[in-house]
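Participant: I have a structure here, written as structure tokens, and I will follow up with some questions on it.
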DNA sequence: GGCTTGTATAAAGATTTTGTAAAGAAACTT
DNA sequence: AAGTTTCTTTACAAAATCTTTATACAAGCC
């Protein structure tokens, strides 16, 4: 068993099916998403080793999805697209795509290109466990520990914490966090954030009243250090 | 100047010329080889950051050249080939090529693919940091430091400081600053500015009474140096 | 000097933003 | 269907930030 997980993002069920079968018969683990929102949530909750991203999604422009993913997702992304214009290709590659295949593509070539990008990304042997002082976060198994003790986080708490961790040191605006976690229509619901930040602090900080990891940037957002 | 060196391996002189011009005009350094033997010697003597390899060389099969190179050469190799058969593509990718472009290819796409593979091989994600003496400002992370120490700025202070930094040396008028930060209806509230300039000086200057960075231009505005 | 104009700083007051608890709603479990 | 967990919403307290006021200083000019 390969145990390498690939996330397929495509709105056409036939293509997902075809890809799933192809990949599974080559010993990859597969997860699927049929739209942009689902793709981002899946990628954040359970980051795959590679993402196959169709640019023609129903709910959002594929280039935007790519940009959003690349804000934190560092593993390979291969674009599968019906568009073969140079403009699209250059834009996607410059937005951080590792490869770009035009549909319809040849299965053997796709598999070879997958092997290629996985090879060049795995040589950096990325440790899926991030360590911040006494806090560790194992992205692969979705486990957060504080001084070896496992901390139980709800799905939303974990997504929020992941985002903060992956952007260590950077300020993430309320706007951005709300959009990433709850979706674009929630960008004014800052109260949600406060509640969940408070919950994270209660679970993760030594002294929740004087947080040392999750820092408030008043008027702007939050920062993780 | 980019100073990234690329080795072009192709037996056709016109293609080498064309590639050389394209790459040089995009700030890459270029070296050339016209056959397999030369290619391997050049790569060994002076390893480039990337190799563009034509598979149709006169003295040896391109796939063999690729294999030989990959025995020790770990940086990106992009194949340029007239053959578009799946067999060739898969074989090249599995032999360690990072990408495979079929001739004739589009220049913009080639450049984008070069950027892509260079990016994923060099993976230094440096965020731009502006440095002014002992003051540094990290725009991506929204962090200002004075002698390595993080200085906590409020939202408005930071916006003001950014404006000054981004216009280093220039005088920014009261009018302009007020308009940018508080909006057009505040252009007469110069007192606001004085308060915030004073606060910035208190936090950032060695001696706030004798500022060396944030300079008053009496009657006009402020200047940052 | 006395006057005016522009600037600097501290501190009080007002406002905005953030933190916390807790209740109600919704979604899952068993 | 009852119980549990998680999410959403409300209300209020606490903290941080912004605005305003008061006062002082410095430079230029009559």
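Residue numbers (this note's numbering), protein chains in the order written: chain A, 663 to 887; chain B, 663 to 887. Just so it is clear, CB atoms sit at the ideal spot from N, CA and C, and this is done for glycine as well.
Does the beta carbon of residue 715 of chain A sit closer than 8 Å to a beta carbon anywhere in chain B?
Facilitator: If you number the first chain from 1, residue 715 of chain A lands on position 53. Chain B, which has no Cβ nearer than 8 Å to the Cβ of residue 715 of chain A, makes this no.
Participant: Out of A/689, A/772, A/813 and A/840, state which residue places its alpha-carbon closest to the alpha-carbon of residue 715 of chain A.
Facilitator: Translated into the one-based positions of the first chain, residue 715 of chain A becomes position 53. Residue 715 of chain A has its Cα closest to that of A/772, out of A/689, A/772, A/813 and A/840.
Participant: Could you work out which residues of chain B lie near residue 761 of chain A, taking near to mean beta carbons separated by less than 8 Å?
Facilitator: The residue you call residue 761 of chain A lines up with position 99 of the first chain. By Cβ distance, chain B contributes 761 and 778.
Participant: Of all the residues that make up the stretch 739–761 of chain A, which are near chain B by a beta-carbon distance shorter than 9 Å?
Facilitator: Listed by position along the chain: 748, 749, 751, 752, 753, 754, 755, 756, 758, 759, 760 and 761.
Participant: Starting from residue 750 of chain B and walking both ways along the alpha helix (DSSP H), at which residues does that stretch end?
Facilitator: Numbered from 1 along the second chain, position 88 holds the residue referred to as residue 750 of chain B. Taken as a continuous stretch (DSSP letters only), the alpha helix (DSSP H) holding residue 750 of chain B covers 748–756.
Participant: In its own chain, which residues sit with a C-beta less than 7 Å from the C-beta of residue 692 of chain B, not counting the 5 before and 5 after it?
Facilitator: By 1-based counting over the second chain, the position of residue 692 of chain B is 30. Excluding residues within five positions, the ones whose Cβ falls inside 7 Å are 668, 670, 682, 685 and 686.
Participant: So residue 833 of chain A contacts chain B; which residues on that side make the cut at Cβ distance below 7 Å?
Facilitator: For the purposes of this step, residue 833 of chain A is taken as the residue at position 171 of the first chain. In chain order: 803 and 804.
Participant: Spatial neighbours of residue 887 of chain B within its chain, please: CB distance less than 8 Å, with the 5 preceding and 5 following residues excluded, ordered by chain position.
Facilitator: To locate residue 887 of chain B, count along the second chain from 1; it is residue 225. Excluding sequence neighbours, residue 887 of chain B sits near 794, 830, 831, 874, 875 and 877.
Participant: Within 10 Å of its beta-carbon, does residue 732 of chain B have 16 or more other beta-carbons around it, so buried, or fewer, so exposed?
Facilitator: In the second chain, the residue the question calls residue 732 of chain B occupies position 70. Exposed.
Participant: Which value, in whole angstroms, describes the spacing of the CA atoms of residue 672 of chain B and residue 718 of chain B?
Facilitator: Here residue 672 of chain B corresponds to residue number 10 of the second chain, with the count starting at 1. Here residue 718 of chain B corresponds to residue number 56 of the second chain, with the count starting at 1. Near 8 Å, if we compare the C-alpha coordinates of residue 718 of chain B and residue 672 of chain B.
Participant: Using only the alpha-carbon positions, how far apart do residue 758 of chain B and residue 805 of chain B sit?
Facilitator: Mapped onto the second chain, residue 758 of chain B falls at position 96. Mapped onto the second chain, residue 805 of chain B falls at position 143. Straight-line Cα distance between these residues: approximately 41 Å.
Participant: Beta-carbon separation of residue 792 of chain A and residue 827 of chain A under 8 Å?
Facilitator: The residue you call residue 792 of chain A lines up with position 130 of the first chain. The residue you call residue 827 of chain A lines up with position 165 of the first chain. The answer is yes: Cβ separation under 8 Å.
Participant: Considering residue 863 of chain A, what are the terminal residues of the alpha helix (DSSP H) in which it resides?
Facilitator: Your numbering for residue 863 of chain A matches position 201 in the first chain. Segment 852–866, the alpha helix (DSSP H) holding residue 863 of chain A.
Participant: Comparing alpha-carbon positions, which option in A/835, A/824 and A/695 lies nearest residue 735 of chain A?
Facilitator: By 1-based counting over the first chain, the position of residue 735 of chain A is 73. Nearest of A/835, A/824 and A/695 to residue 735 of chain A, Cα basis: A/824.
Participant: Counting only C-beta atoms, is residue 817 of chain B closer than 8 Å to chain A at any point?
Facilitator: Along the second chain, one-based indexing puts residue 817 of chain B at 155. Chain A, which has a Cβ nearer than 8 Å to the Cβ of residue 817 of chain B, makes this yes.
Participant: What is the rounded straight-line gap between the Cα of residue 677 of chain A and the Cα of residue 820 of chain A?
Facilitator: Taking the first residue of the first chain as position 1, residue 677 of chain A is located at position 15. Taking the first residue of the first chain as position 1, residue 820 of chain A is located at position 158. Residue 677 of chain A and residue 820 of chain A: Cα-Cα distance of roughly 31 Å.
Participant: Can you name the residues that DSSP bridges to residue 899 of chain B?
Facilitator: With chain B covering 663 to 887 only, the question about residue 899 of chain B has no answer from this structure.
Participant: The stretch 685–703 of chain B: which residues have C-beta closer than 9 Å to a C-beta of chain A, in chain order?
Facilitator: Against chain A - using a Cβ distance shorter than 9 Å - the stretch 685–703 of chain B contributes no residues.
Participant: Using C-beta distances below 6 Å, list every residue in its chain close to residue 666 of chain B, excluding the 5 sequence neighbours before and after it, in chain order.
Facilitator: Here residue 666 of chain B refers to the residue found at position 4 of the second chain. Counting only Cβ-Cβ distances below 6 Å, and skipping sequence neighbours, we find 690 and 711.
Participant: For residue 741 of chain A, count neighbouring Cβ atoms within 10 angstroms of its own Cβ and tell me buried if that reaches 16, exposed if not.
Facilitator: Taking the first chain and counting its residues from 1, one reaches residue 741 of chain A at position 79. By the neighbour-count rule (16 or more Cβ atoms within 10 Å), residue 741 of chain A is buried.
Participant: Give me whichever residues DSSP pairs with residue 716 of chain A in a beta bridge.
Facilitator: Your numbering for residue 716 of chain A matches position 54 in the first chain. Per DSSP, A/742.
Participant: My assumption, with CB atoms under 8 Å, is that residue 818 of chain B sits in contact with residue 858 of chain B. Please give the rounded CB distance.
Facilitator: Start at 1 with the first residue of the second chain, and residue 818 of chain B comes out as number 156. Start at 1 with the first residue of the second chain, and residue 858 of chain B comes out as number 196. Rounded, the Cβ-Cβ distance is 6 Å, consistent with contact.
Participant: Where residue 800 of chain A and residue 814 of chain A are concerned, what is the direct C-alpha to C-alpha distance, given to the nearest angstrom?
Facilitator: Here residue 800 of chain A is taken as the residue at index 138 of the first chain, counted from 1. Here residue 814 of chain A is taken as the residue at index 152 of the first chain, counted from 1. Computed Cα separation, rounded: 13 Å.
Participant: What does the Cβ neighbour count give for residue 883 of chain A, buried or exposed, with the cut at 16 atoms within 10 Å?
Facilitator: To locate residue 883 of chain A, count along the first chain from 1; it is residue 221. Residue 883 of chain A comes out buried.
Participant: Measuring CB to CB, does residue 727 of chain A end up less than 8 Å from residue 744 of chain A?
Facilitator: Position 65 of the first chain, counting from 1, holds the residue named residue 727 of chain A. Position 82 of the first chain, counting from 1, holds the residue named residue 744 of chain A. No, these two residues do not count as a Cβ contact at 8 Å.
Participant: Using CA atoms only, rank isn't needed, just tell me which of A/747, A/777, A/752 and A/754 is closest to residue 889 of chain B.
Facilitator: Residue coverage of chain B in this structure runs from 663 to 887, which leaves residue 889 of chain B outside it and unanswerable.
Participant: Mind pulling the chain A residues with CB within less than 8 Å of residue 724 of chain B?
Facilitator: Taking the first residue of the second chain as position 1, residue 724 of chain B is located at position 62. Correct list: empty, because the minimum Cβ distance to chain A is about 16 Å.
Participant: Assuming residue 739 of chain B and residue 723 of chain B form a contact by the criterion Cβ under 8 Å, report the distance between their Cβ atoms to the nearest whole angstrom.
Facilitator: Taking the second chain and counting its residues from 1, the one referred to as residue 739 of chain B is at position 77. Taking the second chain and counting its residues from 1, the one referred to as residue 723 of chain B is at position 61. Residue 739 of chain B to residue 723 of chain B, Cβ: 15 Å. No contact.
Participant: Among the candidates B/849, B/720 and B/698, whose CA atom is the shortest distance from the CA of residue 713 of chain B?
Facilitator: One-based indexing of the second chain puts residue 713 of chain B at position 51. Nearest option by C-alpha distance: B/698.
Participant: Using a cut-off of 9 Å between C-beta atoms, extract the partners of residue 705 of chain B located in chain A.
Facilitator: Here residue 705 of chain B is taken as the residue at index 43 of the second chain, counted from 1. The contacting residues do not exist; residue 705 of chain B stays about 18 Å from chain A at best.
Participant: Using beta carbons (cut-off 8 Å, strictly below), is residue 847 of chain B in contact with chain A?
Facilitator: In the second chain, residue 847 of chain B corresponds to position 185, counting from 1. By this cut-off, residue 847 of chain B is not an interface position.
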